[in-house]
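UniProt numbering applies: residue 1 is where the sequence shown begins, and numbers increase by one.
The structure appears below as structure tokens.
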Amino acid sequence: MDYFRDLNDPIILEDMSIKRGVEIALTQKITVLVVESDARTVIDMLDTPYAQASLLNFVCRD
């Protein structure tokens, strides 16, 4: 699969880590969660309602 070629991209990896943390929080029924990151691009994408055709957006919105 072609999208695996980007798994060495630190922004994609940061995004996947945040997503995994949110998934774990949901399974633990945590209702208040603070996400901190130094990856401004990822935080901006998570905080933006519009869609953009990119792997980052795909991971954020999955």
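Virtual Cβ for every residue (Gly too), placed ideally from N, Cα, C.
Quantities reported herein were computed from a predicted structural model and do not represent experimental measurements.
Nearest C-alpha to residue 33 among 40, 44, 21, 39: 21. The three-state secondary structure of residue 37, taken from DSSP, is coil. In the structure shown, residue 48 falls within a coil segment according to DSSP collapsed to helix, strand and coil. Shown here, residue 27 sits in a helix according to DSSP, grouped into three states.
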